[in-house]
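To convert, take the position in the first sequence, counting from 1, and add 11; that gives the numbering used here.
The beta carbon of each residue, even a glycine, is placed where N, CA and C say it ideally should be.
Report on the following structure.
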Amino acid sequence: MDERDIRTAKVQELRESGSEPYPPRLPTPRTHQIAAAIAEFDALAAEKTSVTLVGRIVLFRDMGKVIFLTVEDGSGRLQFYLRRDDIGEGFALARKLDLGDFISGTGYFFTTRTGEKTLHLTAYALLSKSLRGLPAKHEGLRDVELRHRKRYLDLIANRDEVMPVFIARARILAALRRFLDKHGYIEVETPILQPLYGGATAAPFTTHHNAADRDMYLRIAPELYLKRLLVGGLERVYELGRVFRNEGVDRSHNPEFTMLEYYEAYADYLSMMTFTETMIAAVAEQVTGGMVITYQGITLDLTPPWKRITLHDLIAQATGIDYDQYPDKESLLAAIRARGIAVDPARGRGRLIDQLKDYAFEARDPELLKPLFLYDYPLDLSPLAKQKPGTPGMVERFQAHLAGMQLVTAFSELNDPLDQRARFEDQARQRAAGDAEAQVLDEDYIEALEVGMPPAGGVGIGVDRLVMALTDQPNIREVILFPTMRELH
RNA sequence: GCGCGCGUAGCUCAGUGGUAGAGCACACGACUUUUAAUCGCGGGGUCGCGGGUUCGAAUCCCGCCGCGCGCACCA
């Protein structure tokens with residue numbers, strides 16, 4: 012008989028003796044959360060006030076005629092003390108309690124001779140029987156795969172490290188909503204299940220709608236729907252929700268992740284830059300208590316204004332290449348190769364520029380870890396962004412980088428339906444040439460633009476990465492409760 | 001997708017060619033202020049999966065699966 016068999020047998024024995032191991036409610040109402048009771052300990056102990064606390068048994072010390080056990084609830088942990096002389100017949104059953112069981116305990120507070128605040132029980136009750144033991148009390152659960160596959164065990168065993176991260180995550184989401192609401196934005200919900208996917212350059216997850224007998228897609232971004240709402244007359248909208256991209260997993264990517272997108276009519280990318288740094292700094296302050304954070308040992312000051320540099324100047328500083336002097340892919344490629352920088356040449360000019368940006372970040376200049384706005388991007392990488400006047404081939408777009416992670420992308424939204432159609436057609440050519448991630452033409456979206464969309468700025472934030480930055484976590488899987496895992500065989 | 005590393009008891013880990021181990025957990029016993037309780041005693045393993053080399057494989061080789069790290073890819 013293994014542990015689980017033994018505990019299952021205990022369930023049976025309890026039922027046969029007329030005791031329900033999974034009762035529907037507490038036999039005695041809970042009077043306090045543990046942390047609240049500890050806060051009032053002196054008064055409660057002085058009056059020997061009867062309190063009822065509940066929780067999971069995390070340590071169990073059976074000394075024959077007395078038992079000490081440590082019980083943990085959502086707020087904290089406390090030692091319970093049971094004496095055979097107090098409990099009577101129930102004491103023998105108490106000795107059969109197991110680590111992991113949920114119990115309630117009624118009694119009064121006292122302090123042991125070693126100074127530990129303790130609840131001296133006059134009665135207890137089993138609330139829920141655990142059939143499987145908890146991870147080792149000292150070593151806990153270190154195996155990263157197990158921690159993520161069985162997050163409930165991770166939360167139990169590594170509570171002090173893991174719980175605060177997800178509490179902070181919840182606070183970050185709430186603070187983002189609060190900030191946007193305060194600034195007149197309304198939160199909307201647009202389709203996750205879409206007949207066409209768009210708004211980003213990524214491969215989708217495909218599914219099938221049986222009733223309509225047609226393929227549908229999980230959204231890769233909410234962008235095109237949010238901008239339809241600008242057409243409809245909503246001036247400030249946002250959506251905070253899950254998006255799905257059929258791509259690999261690494262330290263900063265999970266196939267499903269949380270995106271915040273917000274759009275503001277009559278704004279442009281420059282005003283959205285200011286709004287965004289203000290929002291992120293405010294969220295940091297509300298969640299961490301200040302605008303200066305530490306990420307993986309590096310101090311980062313989020314106080315606005317953040318450094319702003321054009322993509323052109325960043326690349327010029329890092330590589331000495333002034334890409335404005337190389338208006339076509341071939342001449343730029345030659346200049347890159349002349350400096351011995353390795354790039355994938357099977358891409359357009361915009362991709363080359365993008366790779367130069369990556370090269371600049373690879374130098375690991377500590378300055379580039381600080382909050383940074385990079386702006387003015389190549390047009391061919393940004394089919395939904397408005398062209399920058401007087402600068403052919405460039406669009407009004409920015410990205411925010413923090414701690415080396417791309418956190419934000421944003422632009423002045425393209426609202427010229429004729430230009431938009433041409434951009435989609437260009438994407439279609441790239442798709443025909445083998446780029447599976449090129450964006451697909453959305454006729455209905457073009458039609459909406461033809462009705463008329465006000466000039467607007469729009470921003471997308473990778474919320475998981477923001478949570479990583481604000482909780483000092485090195486891996487996106489540490490801020491997603493149930494990260495995507497392969498099937499076990 | 002490529003490279004490197006890891007996979008041994010429920011958990012944390014040792015074991016690098018010769019009969020599978022430790023601590024915790026678990027079972028049984030002792031103990032009326034313990035606290036990572038202690039003490040005694042005991043059970044528990046397809047060594048990720050499959051194949052190969054060898055008299056003999058957890059250990060060496062090949063393939064597969066899973067995980068991690070790096071690279072590539074990725075608004």
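Sequence-distant residues of the same chain with beta carbon closer than 8 Å to Pro146, five excluded per side: Translated into the one-based positions of the first sequence, residue 146 becomes position 135. Correct list, in chain order: Leu152, Leu164, Ile167 and Ala168.
Hey, could you find the ends of the alpha helix (DSSP H) Glu288 is sitting in? The sequence position of residue 288 within the first sequence is 277, counting from 1. Here the alpha helix (DSSP H) through Glu288 covers Tyr280 to Thr299.
The segment 281–299 touching the segment 344–363, judged by at least three CB pairs closer than 8 Å: no
Since I believe Leu425 is in contact with Lys397 (beta carbons under 8 Å), could you give me their beta-carbon distance rounded to a whole number of angstroms? Reading the first sequence from its first residue, position 386 is the one you call residue 397. Reading the first sequence from its first residue, position 414 is the one you call residue 425. Between Leu425 and Lys397 the Cβ distance is about 5 Å, and since that is below 8 Å, they are a contact.
Is the beta carbon of Asp437 closer than 8 Å to that of Phe268? Start at 1 with the first residue of the first sequence, and residue 268 comes out as number 257. Start at 1 with the first residue of the first sequence, and residue 437 comes out as number 426. Taking 8 Å as the Cβ cut-off, Phe268 and Asp437 do not qualify as a contacting pair.
Excluding the 5 residues preceding and the 5 following Ala327 in the sequence, name in chain order all residues of the same chain whose CB lies nearer than 7 Å to its CB. Your numbering for residue 327 matches position 316 in the first sequence. For Ala327, where only same-chain residues beyond five positions count, the Cβ hits under 7 Å are Asp333.
Find the nearest neighbour of Tyr277 within the set Lys368, Met464, Asp192 and Met270, judged by alpha-carbon distance. Sequence index remark: in the first sequence, residue 277 carries index 266 (1-based). Comparing Cα-Cα distances from Tyr277 to each of Lys368, Met464, Asp192 and Met270, the minimum goes to Met464.
My understanding is that Ile114 touches Val82, with C-beta atoms under 8 Å, so please give their C-beta distance in whole angstroms. Along the first sequence, one-based indexing puts residue 114 at 103. Along the first sequence, one-based indexing puts residue 82 at 71. Between Val82 and Ile114 the Cβ distance is about 7 Å, and since that is below 8 Å, they are a contact.
Between the segment 12–29 and the segment 42–60, can you find at least three pairs of beta-carbon atoms closer than 8 Å? no
Output the distance between the C-alpha atoms of Glu341 and Asp324, rounded to the nearest integer angstrom. Taking the first sequence and counting its residues from 1, the one referred to as residue 341 is at position 330. Taking the first sequence and counting its residues from 1, the one referred to as residue 324 is at position 313. Rounded to whole angstroms, Glu341 to Asp324 spans 21 Å at the Cα level.
Assuming the contact rule is C-beta atoms closer than 8 Å, Pro32 and Arg41 should be a hit. Round their C-beta distance to whole Å, please. As a working note, residue 32 is residue 21 in the first sequence. As a working note, residue 41 is residue 30 in the first sequence. Not really, about 19 Å apart at Cβ, beyond 8 Å.
Would you kindly check if the distance between the Cβ of Thr330 and the Cβ of Leu383 is under 8 Å? Sequence index remark: in the first sequence, residue 383 carries index 372 (1-based). Sequence index remark: in the first sequence, residue 330 carries index 319 (1-based). Contact: no.
Please name the residue or residues paired with His43 in a DSSP beta bridge. As a first step, residue 43 must be located in the first sequence, where it is residue number 32. The partner list for His43 (beta bridge, DSSP) is empty, contrary to what the question assumes.
Would you tell me roughly how many angstroms separate the C-alpha atoms of Glu458 and Leu157, rounded to the nearest one? Indexing the first sequence from 1 puts residue 458 at position 447. Indexing the first sequence from 1 puts residue 157 at position 146. Their backbone Cα atoms lie some 49 Å apart in a straight line.
Measure the alpha-carbon distance for Ile78 versus Leu130 and round it to whole angstroms. Position 67 of the first sequence, counting from 1, holds the residue named residue 78. Position 119 of the first sequence, counting from 1, holds the residue named residue 130. Their backbone Cα atoms lie some 12 Å apart in a straight line.
Burial state of Asn265 (16 or more Cβ within 10 Å): In the first sequence, residue 265 corresponds to position 254, counting from 1. When all chains shown are included, Asn265 counts as buried.
Start-to-end residues for the beta strand (DSSP E) that takes in Ile309: What you label residue 309 is simply residue 298 of the first sequence in a count that begins at 1. Where Ile309 is concerned, the enclosing beta strand (DSSP E) stretches over Ile309 to Asp312.
Please report the residue range of the beta strand (DSSP E) in which Gly116 lies. Walking along the first sequence from the start, residue 116 turns up at place 105. Run containing Gly116: Phe113 to Thr122, per the beta strand (DSSP E) assignment.
What are the complete beta strand (DSSP E) segments, minimum 3 residues, inside the segment 225–252? 225–229
Closer than 8 Å is the cut-off here; do at least three beta carbon pairs connect the segment 131–146 with the segment 40–54? no
Can you say whether Phe91 is buried or exposed, counting buried as having 16 or more other CB atoms within 10 angstroms of its CB? Taking the first residue of the first sequence as position 1, residue 91 is located at position 80. Phe91 should be labelled buried.
If you follow the alpha helix (DSSP H) that Lys193 is part of, which residue opens it and which one closes it? For the purposes of this step, residue 193 is identified with residue 182 of the first sequence, where counting begins at 1. Lys193 -> alpha helix (DSSP H) spans Arg170 to Lys193.
Given Pro206 as reference, the closest of Ala134, Asp226, Asp192 and Ala222 once Cα atoms are compared: Against the first sequence, residue 206 aligns to sequence position 195. Comparing Cα-Cα distances from Pro206 to each of Ala134, Asp226, Asp192 and Ala222, the minimum goes to Asp226.
Let me make sure I understand the geometry here. Which of Ile178, Leu380 and Gly243 has the alpha-carbon closest to that of Gly308? Sequence index remark: in the first sequence, residue 308 carries index 297 (1-based). When only C-alpha atoms are compared, the closest one is Leu380.
Assuming Leu237 contacts Tyr274 (C-beta within less than 8 Å), just tell me the rounded distance between them. Within the first sequence, numbered from 1, the residue matching residue 237 stands at position 226. Within the first sequence, numbered from 1, the residue matching residue 274 stands at position 263. The pair is a contact, with the Cβ atoms about 5 Å apart (cut-off 8 Å).
In the structure shown, what three-state DSSP assignment does Val22 receive? Numbered from its first residue, the first sequence carries residue 22 at position 11. Residue state, collapsed to three classes: helix.
Taking Gly195 and Glu234 to be in contact with their CB atoms under 8 Å, please state how far apart those CB atoms are, rounded to whole angstroms. Here residue 195 is taken as the residue at index 184 of the first sequence, counted from 1. Here residue 234 is taken as the residue at index 223 of the first sequence, counted from 1. In fact, because the Cβ distance is near 20 Å, the residues do not count as touching under 8 Å.
His323, enclosing alpha helix (DSSP H) - first and last residue: On the first sequence, residue 323 is found 312 positions in, with the first residue counted as 1. It spans Leu322 to Thr330 - the alpha helix (DSSP H) in which His323 sits, taken as one unbroken run.
Would you mind stating whether Pro38 and Ala105 have Cβ atoms separated by less than 8 Å? Translated into positions along the first sequence, residue 38 becomes position 27. Translated into positions along the first sequence, residue 105 becomes position 94. Not a contact, by the Cβ cut-off of 8 Å.
Would the beta-carbon of Leu385 fall within 8 Å of that of Phe409? Sequence index remark: in the first sequence, residue 385 carries index 374 (1-based). Sequence index remark: in the first sequence, residue 409 carries index 398 (1-based). Yes, they are a contact pair.
Unbroken alpha helix (DSSP H) runs of length 4 or more, entirely within the segment 79–148: which are they? 95–98 and 101–105
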